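Chains as they are written, first to last, in the working numbering: chain A, 770 to 1202; chain B, 770 to 1202. Since the structure comes first, as structure tokens, the remarks are kept for the end.
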């Protein structure tokens, strides 16, 4: 049997992981696939830095075009990131009839439609397991294992940086800023952490998952996104007293007509298995009509876990090549002609439970004024805690609600904020029951 | 595109789940596969009982041979169970060139080699995702997603009946007998629960997983098996005081030379995610060189979750048929010529931590005698609790050990049991750190 030639573009963290696995685990891959995966080229502008891996001479080059143009290469692995050169190289590789593997969620979420269309037209595979949840087989599970299911909802902790920071605040009472600094010191957060902490990275992943699960076009623009930078140790401590932890969740739900697609800090009960997912770990719960609730849990990022997912995709494609299989699985899980435009529900239309914290003057009648406004907007309170801790001349009043409509909540909070006894902008955190 | 015809043998619980999914989710399956999965026949000796599903006339028949012999049928789904007719029908179907899907772990664990060989020889697929872990995609993850990994260990809660019973004892302090009776009343346990509670069902699943993960022949006979019927509320309460829960675990570890393969009640720390897997739920942790630790969690049994896994296999095979793919993935994960005879380590050779409970006369010097014997056998104690609760004239002495060798432990316990101050057989529960 001929060998399968792989060309790697980008020799950064994940690229190095991919190379390590292909080289160090060559034998076990052969034992499973019955064919050699040969890493023929790695292209990177930096050909000098020692990545702690022994390469045969001539493998590491600085010319991506030479890799893409090489007629012997079957699979191009794009590990460059970003939406410039990465996209150009992917489209070129597809045009040359090569299969492509990528971990580039930002690119898929914003320009995936174009790339998928090109791959479909050319009849090549596009593997992207590594784009969501690192080593967790979430893409494969949704596209393959759950083929017989109607998927109802997915709830995921999909960003290790945010989960590390929230875990730090929860465990140590650190401020957000201190927790972020620690995440950066440990290499869990980028120097510019915006993409992670403001929820954009999580939203990229949710856009991909929603398309796969519900058979909709990839839709990043309509996802409601709220990051974790405003989360305080105080709210996390209150959450704990109510039996909740705060996690940045990606929530994708389908009611048969529209999809809820939102990313925001969320309180979840301590008996929800996601509440035990700590540090930089990731997890996704999928709820489907036949399986009921199912969860995948593991390392959502990092050199080797993400490299594992990339190599899983390479193995899948190699198996297709060897077994003579063409277009075995639709790239986005549903056959292109079955993909629908499913509308995303505006966040104002969602119904959920809420945690509010109001900063109010410590005077009689305040609670009744706030409760009165909530009642006017059909927001029913399930519990109230008025604690004695005075913060800058006001006391925190904390409330949990029964299910309420987001639009009503917004109106009520605006009116409450305008009360002269309320001294600061109310804090709102959604609760997922 | 032609339709794929499916013949179902066995219309019991899981068979009914499969039929429900194929019929009720026909459209979504078509949208994903681009081909219709047509349930042409269901064969069962009972054609009368109402299974709550509307079948077209002529589908439900009482003649399995007619299904297997039908040249139009592409995939035979064996949902009969047991090792008699099920095996005969599977081999006949293979002989007729049909692909087979089964959930029959008992058959695979004891006679899988013969069946796999027959399928390989004939070039047909054998799907068995449903044989381990219900809806959890454990087989697919090991065979496909982890293709690039050296798997080091797997630790699983793989029997819902046992996990339900242990959770009941933990939560309510029920006796084993009461918890079992409740499990039977709720339909989580069979009238004859031996296969489940004595660990055999879990061992069947471990035998399959070990073969897949480590590239070894299926080996059920060498698995060490200990069930949960001797677990008492007292030991579970002590475990809790030490920060442990007791779970029936399947443990498969590979050190490169031999495999540890054992099923026994095990104490695991409360920060191990498996400790939060309660009730009839299942979970497996896989530890591999690239992924690190990863966990799958979900319903390990039941009509619809197990049906979902069966339909996932049917979908995979249908995709192979449609895409012209032959023998894409080796049935047991490794190419037949790469499968090795890896020896199973005798349980006496394992090293682990232990919990002991001794029933001893409440006299001075007892602890020193016991500790002396443990010391003689190189068993180092990490903590001792001697509690005042007198039970039938003796007090329990509870000890946790550092890592010790099982053979040494056995010798020490035998000697301790022969002390005249020791009034009952010592209790041993292994601890997995």
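Idealized CB from N, CA, C, for every residue including glycine. Note that the coordinates shown come from a computational prediction; the quantities given were computed from them, not determined experimentally.
Can you find the residues in the same chain that come closer than 6 Å, C-beta to C-beta, to residue i, ignoring five residues on each side of it along the sequence?
i                       : result
residue 1036 of chain B : 1008, 1013, 1015, 1124, 1198 and 1200
residue 1167 of chain B : 1007, 1126 and 1154
residue 942 of chain B  : 1002
residue 973 of chain A  : 874, 875 and 878
residue 1022 of chain A : 922 and 1029
How long is the line joining the alpha carbons of residue i and residue j, rounded to whole angstroms?
i                       : j                       : result
residue 935 of chain A  : residue 774 of chain A  : 42 Å
residue 1065 of chain A : residue 916 of chain A  : 17 Å
residue 853 of chain A  : residue 873 of chain A  : 11 Å
residue 722 of chain A  : residue 1019 of chain B : Any answer about residue 722 of chain A is impossible in this case: the structure gives chain A only from 770 up to 1202.
residue 846 of chain A  : residue 832 of chain A  : 14 Å
residue 1134 of chain A : residue 945 of chain A  : 33 Å
residue 909 of chain B  : residue 880 of chain A  : 29 Å
residue 860 of chain A  : residue 882 of chain A  : 12 Å
residue 776 of chain B  : residue 1121 of chain A : 44 Å
residue 1109 of chain B : residue 795 of chain A  : 17 Å
residue 1203 of chain B : residue 895 of chain B  : Nothing can be reported for residue 1203 of chain B, as the shown portion of chain B is limited to 770 through 1202.
residue 1026 of chain A : residue 826 of chain A  : 56 Å
residue 986 of chain A  : residue 980 of chain A  : 6 Å
residue 932 of chain B  : residue 851 of chain B  : 23 Å
residue 975 of chain B  : residue 871 of chain A  : 34 Å
residue 956 of chain B  : residue 926 of chain A  : 34 Å
residue 929 of chain A  : residue 997 of chain A  : 12 Å
residue 977 of chain A  : residue 1004 of chain B : 47 Å
residue 1010 of chain B : residue 938 of chain B  : 15 Å
residue 1141 of chain B : residue 1195 of chain B : 16 Å
residue 840 of chain B  : residue 820 of chain B  : 27 Å
Anything in chain A within Cβ reach of residue i, meaning under 9 Å, just list it in chain order.
i                       : result
residue 1068 of chain B : 1060, 1061, 1062 and 1063
residue 1089 of chain B : 1092, 1094 and 1097
residue 1141 of chain B : The premise fails here: residue 1141 of chain B is roughly 41 Å from chain A at the closest Cβ pair, so nothing lies under 9 Å.
Taking residue i as the query, report the chain A residues whose CB atoms sit under 7 Å from its CB, ordered along the chain.
i                       : result
residue 1042 of chain B : 1045 and 1066
residue 1107 of chain B : 800
residue 1027 of chain B : Residues of chain A passing the Cβ test: none, with the nearest at roughly 17 Å.
residue 797 of chain B  : 919
residue 1038 of chain B : Here the premise fails: no neighbours, minimum Cβ distance about 12 Å.
Less than 8 Å between C-beta atoms, sequence neighbours within five positions excluded: which residues of the same chain meet that for residue i?
i                      : result
residue 906 of chain B : 898, 1065, 1078 and 1081
residue 842 of chain A : 774, 775, 776, 809, 810, 836 and 867
residue 960 of chain A : 953
Residue i versus chain B: which residues are under 9 Å apart at the beta carbon?
i                       : result
residue 790 of chain A  : 917, 918, 1058 and 1059
residue 1024 of chain A : Result: empty, since nearest Cβ-Cβ is about 15 Å, beyond 9 Å.
residue 879 of chain A  : By Cβ distance, chain B contributes nothing, its closest Cβ being about 25 Å from residue 879 of chain A, past 9 Å.
Could you pull out every residue in the same chain whose Cβ sits closer than 7 Å to the Cβ of residue i, ignoring the five residues on either side in sequence?
i                       : result
residue 1151 of chain B : 1169, 1170 and 1171
residue 1190 of chain B : 1129, 1130, 1132, 1135 and 1138
residue 855 of chain A  : 847, 849, 873 and 876
residue 804 of chain A  : 770, 772, 773, 1087 and 1091
Can you pull the chain A neighbours of residue i, defined as C-beta to C-beta under 8 Å?
i                       : result
residue 1084 of chain B : 913, 916 and 917
residue 1081 of chain B : 913, 914, 915, 916 and 917
residue 900 of chain B  : Chain A residues near residue 900 of chain B: none, gap ~14 Å exceeds 8 Å.
Report the neighbours of residue i on chain B: residues whose CB is nearer than 7 Å to its CB, in chain order.
i                       : result
residue 1103 of chain A : 800 and 801
residue 1049 of chain A : Neighbours of residue 1049 of chain A on chain B: none; closest Cβ ~11 Å, over 7 Å.
residue 1074 of chain A : 1059, 1060 and 1061
residue 906 of chain A  : 906, 910 and 914
residue 984 of chain A  : 800
Hey, does residue i have any beta-carbon neighbour from chain E nearer than 8 Å?
i                      : result
residue 909 of chain A : Checking the listed chains, one finds no chain E in this structure; the protein chains it contains are A and B.
Find the residues of chain B that neighbour residue i, judging by a C-beta separation of less than 8 Å, and give them in chain order.
i                      : result
residue 794 of chain A : 917, 918, 919, 1058 and 1059
residue 922 of chain A : By Cβ distance, chain B contributes nothing, its closest Cβ being about 14 Å from residue 922 of chain A, past 8 Å.
Tell me, please, whether the region 1089-1101 of chain B touches the region 1167-1181 of chain B by the rule of three or more beta-carbon pairs shorter than 8 Å. no
Tell me whether the region 1039-1049 of chain A and the region 1124-1135 of chain A touch, counting them as touching only if at least three CB pairs, one residue from each stretch, are closer than 8 Å. no
Mind pulling the alpha helix (DSSP H) runs of 4 or more residues that sit fully within the region 833-902 of chain B? 833-838, 854-864 and 874-891
Output the residue ranges of the alpha helix (DSSP H) runs that lie fully inside the region 931-991 of chain A and measure 4 residues or longer, sorted by chain position. 945-954, 963-966 and 969-983
Pairs of beta-carbons, one from the region 917-926 of chain A and one from the region 1050-1059 of chain A, closer than 8 Å: are there three or more? yes
Answer yes if the region 955-974 of chain B comes into contact with the region 1084-1096 of chain B, meaning at least three C-beta pairs across the two stretches below 8 Å, and no otherwise. no
Runs of beta strand (DSSP E) wholly within the region 992-1025 of chain A (minimum 3 residues, chain order): 1013-1023
List in chain order: all unbroken beta strand (DSSP E) runs of 3+ residues lying wholly within the region 1049-1104 of chain B. 1050-1057 and 1061-1068
Uninterrupted alpha helix (DSSP H) stretches inside the region 1110-1192 of chain B (no shorter than 4 residues): 1135-1145 and 1175-1186
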